[in-house]
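These notes concern the structure reproduced below.
Numbering (our numbering), first residue to last: 14 to 65.
Right, here's the structure in full:
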């Protein structure tokens with residue numbers, strides 16, 4: 014099962030995350046850091062955990 018988080022939520026796990034948007038963007042978040050909203054075309058940014 015993939016780990017996902019929404020913009021505005023606290024990051025559940027430290028590591029590399031990819032925004033599910035076009036074009037995809039990756040960013041490192043620390044646990045507890047607020048996930049960024051990238052103003053994607055579909056509304057709220059959804060982040061997918063890639064690796065620690």
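By construction, the Cβ of each residue, glycine as well, lies at the ideal position given by its N, Cα and C atoms. Nothing here was measured: the structure is a model prediction, and the numbers come from that model.
For residue 55 and residue 19, what's the separation of their Cα atoms in angstroms?
Rounded to the nearest angstrom, the two C-alpha atoms are 13 Å apart.
How would you write the range of the beta strand (DSSP E) that residue 39 sits in, first residue to last?
Run containing residue 39: 38-42, per the beta strand (DSSP E) assignment.
Give the secondary structure of residue 64 by DSSP, where H, G and I count as helix, E and B as strand, and everything else as coil.
Residue 64 sits in a strand when the DSSP states are folded into three classes.
For residue 58, is the classification buried or exposed, using 16 other Cβ atoms within 10 angstroms of its Cβ as the cut-off for buried?
The residue in question, residue 58, is buried, as its Cβ has 16 or more Cβ neighbours within 10 Å.
Given residue 65, which residues of its chain have a CB within under 6 Å of its CB, disregarding the five upstream and five downstream residues?
Residues 28 of the same chain have their beta carbon placed closer than 6 Å to that of residue 65, with the five preceding and five following residues left out of the count.
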